[in-house]
Amino acid sequence: MKILMVCLGNICRSPLAEGIMKEKFRQQGIAAEVDSAGTAAYHVGEPPDDRSREVAAKHGIDISGQRARQFEVSDFNRFDKIYAMDSQNLSNIAALARDDSDLEKVEMILNESYPGENRQVPDPYYGGKNGFEKVYQMLDEACEKISRG
Ligand code: 4NP
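Sequential numbering of the sequence shown, starting at 1, is according to my numbering.
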């Protein structure tokens with residue numbers, strides 16, 4: 001299983017999703033590849049936002065080694081499943097799909113925990129720390145579902 005987590009900047013939500021997903025697979029002894037990317041290039045090369053690093057650390061996960069990168073078309077070749085945090089990310093990824101097989105890999109991540117509801121992981125960038133804890137909880141629930149198949 002090869003999973004890519006995608007948000008806008010790849011510094012707040014998708015780094016958390018990557019860290020949580022890797023930890024679930026590690027705990028369950030499942031071999032998988034997990035990475036993350038952003039649809040935008042603003043933060044390429046940067047580590048995750050301090051607030052994401054803090055909330056991850058609070059839950060025992062170290063995401064400080066991650067660096068932001070932009071989503072690219074070749075990611076459709078590299079990954080089996082591409083999870084978008086919100087509908088804007090989803091449409092930006094879908095716009096790059098070359099065919100139906102690419103498109104079928106893309107899913108809203110919260111549809112794993114709330115099938116068919118197209119719920120969004122809210123962008124916490126301009127909010128307070130509480131927003132990051134909420135995002136963590138949403139992603140933890142979705143990643144738990146993903147890891148249990
Ligand atoms: P992310 O959050 O998409 O969860 O990484 C954001 C990070 C940066 C910006 C927007 C959202 N920005 O506009 O710079």
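Glycine included, every Cβ here is placed at the ideal spot set by N, Cα and C.
Being a predicted model, the structure only gives us computed values, none of them experimental.
Once you ignore the five residues that flank L103 on each side, which residues in its own chain have a CB closer than 7 angstroms to its CB?
Beyond the five residues adjoining it in sequence on each side, L103 comes within less than 7 angstroms, by CB distance, of A94, A97 in the same chain, given in chain order.
M21 lies in the alpha helix (DSSP H); which residues open and close that run?
Here the alpha helix (DSSP H) through M21 covers 13-27.
How would you call N89, buried or exposed, if buried means at least 16 neighbouring beta carbons within 10 angstroms?
Label assigned to N89: buried.
Buried or exposed, going by whether 16 or more other CB atoms sit within 10 Å of the CB of I146?
Label assigned to I146: buried.
Ranges of the alpha helix (DSSP H) found wholly within the stretch 44-73, counting only runs of at least 4:
Counting whole runs of 4 or more residues, the stretch 44-73 contains the alpha helix (DSSP H) stretches 50-58.
Are the beta-carbon atoms of A68 and E46 separated by less than 7 angstroms?
Going by beta carbons, A68 and E46 fall inside the 7 angstroms limit.
Is any heavy atom of the ligand 4NP found at a distance shorter than 6 angstroms from the C-beta of Y125?
Within the chosen limit of 6 angstroms, the ligand 4NP reaches the beta carbon of Y125 through at least one heavy atom.
Own chain residues within Cβ distance below 6 angstroms of C143, not counting five before or after
Only I20, M21, K24 meet the Cβ criterion.
Say the cut is 6 angstroms; is the CB of Y42 nearer than that to a heavy atom of the ligand 4NP?
Yes, the ligand 4NP has a heavy atom inside 6 angstroms of this Cβ.
Enclosing beta strand (DSSP E) for G38 [first to last residue]
Run containing G38: 33-38, per the beta strand (DSSP E) assignment.
Roughly how many angstroms separate the alpha carbons of Q66 and A56, rounded to a whole number?
Rounded to whole angstroms, the gap between the alpha carbons of Q66 and A56 is 12 angstroms.
Determine the DSSP secondary structure at K129, reduced to helix, strand or coil.
Assignment of K129 by DSSP, reduced to helix, strand and coil, places it in the helix class.
Check this for me: beta carbons of N10 and G38, under 7 angstroms apart or not?
It is a contact, given that the beta carbons lie within the stated cut-off.
According to the Cβ coordinates, are P48 and I63 closer than 7 angstroms?
Yes.
Candidates A17, R148, E141, Y136, of which the one nearest K58 by Cα
Looking at the Cα atoms, Y136 is the closest of the given residues.
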